[in-house]
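Written out below as structure tokens is the structure these notes cover.
In my numbering, the protein residues as written are 138 to 204.
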């Protein structure tokens, strides 16, 4: 089963931690569960009838993840 349909995949720019930009395919979807604290923001994507979940967290702008 595909998690993302073709209309949910788009070309976009991904910015690496060092500031380098890459053209990549990005997955888009609307989720209902979002996570946020002082340093990160993210979401929860449920699979298999909510039996499993993928959690993605990204650092907020200016947060150093290296150290």
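Beta carbons: idealized from backbone N, C-alpha and C, even for Gly. Predicted model, so just to flag it, every value in this text is computed and none were measured.
Enclosing beta strand (DSSP E) for residue 169 [first to last residue]: For residue 169, no beta strand (DSSP E) segment is defined, and its DSSP state is neither H nor E.
Which class does residue 148 belong to by DSSP, given the choice of helix, strand or coil? The three-state secondary structure of residue 148, taken from DSSP, is strand.
By alpha-carbon positions, which one of 182, 188, 177 ends up nearest to residue 197? Answer by Cα proximity: 177.
Rounded C-alpha distance that separates residue 189 from residue 183: Our two residues, residue 189 and residue 183, have alpha carbons roughly 6 Å apart in a direct line.
Can you tell me whether residue 199 is helix, strand or coil according to DSSP? Coil, per DSSP.
From residue 150 to residue 160, what does the alpha carbon distance come to, in whole angstroms? Roughly 5 Å separates the two Cα atoms.
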